[in-house]
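Residue numbers (the working numbering): -3 to 71. Everything on this sheet refers to the single structure shown next.
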């Protein structure tokens, strides 16, 4: 494994990148700083924020459903 791709694979860079993306998305949508001063309220604020992001992710995900199998036609 040589080069940049080899380095990324060796360091498990993709997983780290996903976590950084999640934090970036959280900050972009909900803001850089907590509004609450008390720790318990900050925890609650973070839980609500994560719930909002999860809801937005579900709304943006494609909906797939199984279709009925096609009837067999002899031509």
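Ideal Cβ placement from N, Cα and C applies to all residues, glycine included. Quick caveat: nothing in here was measured; it's all calculated off a predicted structure.
{"Check": "Since residue 24 and residue 49 should fall inside the 8 Å C-beta cutoff, what is the C-beta to C-beta distance between them, to a whole number of angstroms?", "Outcome": "Not a contact, Cβ separation roughly 10 Å."}
{"Check": "According to DSSP, is residue 61 helix, strand or coil?", "Outcome": "coil"}
{"Check": "Between residue 46 and the rest of its own chain, which residues show a CB-CB distance below 8 Å, the 5 nearest in sequence each way excluded?", "Outcome": "22"}
{"Check": "Whole angstroms are fine: how far does the CA of residue 53 sit from the CA of residue 60?", "Outcome": "15 Å"}
{"Check": "Figure out for me which residue from 63, 42, 62 and 37 has the closest Cα to the Cα of residue 18.", "Outcome": "42"}
{"Check": "Looking only at its own chain, which residues have a Cβ that is under 8 Å from the Cβ of residue 9, when we skip the five neighbours before and after it?", "Outcome": "3"}
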